[in-house]
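> Before I ask anything, here is the structure I am working with.
Residue numbers (my numbering): -7 to 305.
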């Protein structure tokens, strides 16, 4: 009996497509404008990170990079933020994601990924199944891309722990996709493993607030520690309800809104620690919270927000 594994759904098709392409000559890789030493390290399996922030590679350059990355067995984190990643680059990137099984962190922030681009990335994630940290801040996808992304997350074997969707116009429909994703996890007998969720400036309004409250109140994201929802279109009542649901769930909410500074905005992806609930907060979390009670529980005065929270050093 052969010891080889069966290809994942869609993997055989991807292999067929790329089998028709010429093999990348490693001697030519060093002609790229990207750091030749980095390429050499990838080929030799001697690096665990690829940091190309702002590099803006040409499509053919990214193709060569991804061709060797697909065969790499050590790279765990890729940061391609501000690299001008758009439709011409996506196919090559997805090829690397489909075949590389060691990548657990992917940062594509500040690029130009539209709905169809995110659909392709989502398909690659379904095949990869190992991504734990995904940062897509400041791209161009909306509810359609969000739908495909949430559908893919349900099929990722390793629990996705960090998800940054900030500054993408996903709107209330995007929040509904999040709720359906969590419910699909439950139907599959699993739970959503997201610990940090970033939804800053996503065009979220009252319906999105209701969806997030539902997720929190029904513990559909039981591992969630912090959710960032600054610069959205929540009304005052939405803010109170969201904060109340978060308090009951023991989740930290970070936002700045037009109805008062709630906590200091923190853009740091890592190192966020959620302090345990105080005795008073634990008692309040077991009761139905009114807006005034929530304000008091979070240490606010009648005139406005409480003390600013300092970002972790």
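Ideal Cβ positions, reconstructed from N, Cα and C, are used throughout, including at glycine.
Checking 9 Å against the spacing of the C-beta atoms, do residue 234 and residue 245 come in under that value?
Yes.
> Do residue 197 and residue 236 have their C-beta atoms within less than 9 Å of each other?
No, the pair does not count as a contact, with Cβ atoms beyond the cut-off.
> Would the segment 148 to 161 count as touching the segment 203 to 214 if we require 3 or more Cβ pairs under 8 Å?
Segments in contact, no.
> From 177, 167, 66, pick the residue whose C-alpha is nearest to that of residue 191; which is it?
Cα-wise, what sits closest to residue 191 is 167.
> Need the endpoints of the beta strand (DSSP E) that residue 177 sits in, please.
Element bounds for residue 177: not the beta strand (DSSP E) but the alpha helix (DSSP H), 163 to 179.
> State the Cα-Cα distance for the pair residue 9 and residue 112, rounded to the nearest angstrom.
Annotation note: pLDDT 33 at residue 9 (below 50); position unreliable, coordinate value reported separately. In a straight line, the C-alpha of residue 9 is about 15 Å away from that of residue 112.
> Flag this pair as touching only if the segment 91 to 109 and the segment 125 to 133 have three or more C-beta atom pairs under 8 Å; answer yes or no.
They touch, by the three-pair rule.
> With burial defined as no fewer than 16 other Cβ atoms inside 10 Å of the residue's Cβ, what is the status of residue 194: buried or exposed?
By the neighbour-count rule (16 or more Cβ atoms within 10 Å), residue 194 is buried.
> When DSSP labels each residue in this structure, what does residue 234 get in the three-state scheme?
Three-state DSSP puts residue 234 in a helix.
> Does residue 72 come out as helix, strand or coil in the three-state DSSP assignment?
Coil at residue 72, not helix or strand.
> Excluding the 5 residues preceding and the 5 following residue 185 in the sequence, name in chain order all residues of the same chain whose CB lies nearer than 7 Å to its CB.
Excluding sequence neighbours, residue 185 sits near 151, 152, 153, 215.
> Report the start-end ranges of each beta strand (DSSP E) in the segment 91 to 137 that is 3 residues or longer and not cut off at the edges.
As far as the segment 91 to 137 is concerned, its whole beta strand (DSSP E) runs of at least 3 residues are 97 to 99, 125 to 127.
> Roughly how far, in whole angstroms, is the beta-carbon of residue 46 from the beta-carbon of residue 75, given that I think they are within contact range, below 8 Å?
Contact flag correct, Cβ pair sits at about 7 Å.
> Could you please give the first and the last residue of the uninterrupted beta strand (DSSP E) stretch that includes residue 43?
From DSSP, the beta strand (DSSP E) with residue 43 extends over 41 to 43.
> Span of the beta strand (DSSP E) holding residue 219?
It spans 218 to 220 - the beta strand (DSSP E) in which residue 219 sits, taken as one unbroken run.
> According to DSSP, is residue 240 helix, strand or coil?
Reduced to three states, the DSSP call for residue 240 is helix.
> State the start and end residues of the unbroken alpha helix (DSSP H) segment that holds residue 196.
Segment: none, residue 196 is in no alpha helix (DSSP H) and carries neither H nor E.
> What do you reckon, are the CB atoms on residue 54 and residue 89 nearer than 9 Å?
Not a contact, by the Cβ cut-off of 9 Å.
> The beta strand (DSSP E) with residue 155 in it runs from where to where?
Per DSSP, residue 155 belongs to the beta strand (DSSP E) from 154 to 156.
> Could you tell me if residue 178 is buried or exposed, where buried requires 16 or more neighbouring beta carbons within 10 angstroms of its beta carbon?
Residue 178 is exposed by the Cβ-count criterion.
> If you run the structure through DSSP and keep just helix, strand and coil, what is residue 189?
Correct three-state label for residue 189: strand.
> Output needed for residue 230: all residues of its chain with C-beta closer than 6 Å, excluding positions within five of it in sequence on either side, in chain order.
Within the same chain, residue 230 has close Cβ partners 198, 201.
> Which stretch, first to last residue, makes up the alpha helix (DSSP H) that contains residue 61?
Per DSSP, residue 61 belongs to the alpha helix (DSSP H) from 51 to 61.
> If the criterion is Cβ atoms closer than 9 Å, does the pair residue 57 and residue 78 meet it?
Not a contact, by the Cβ cut-off of 9 Å.
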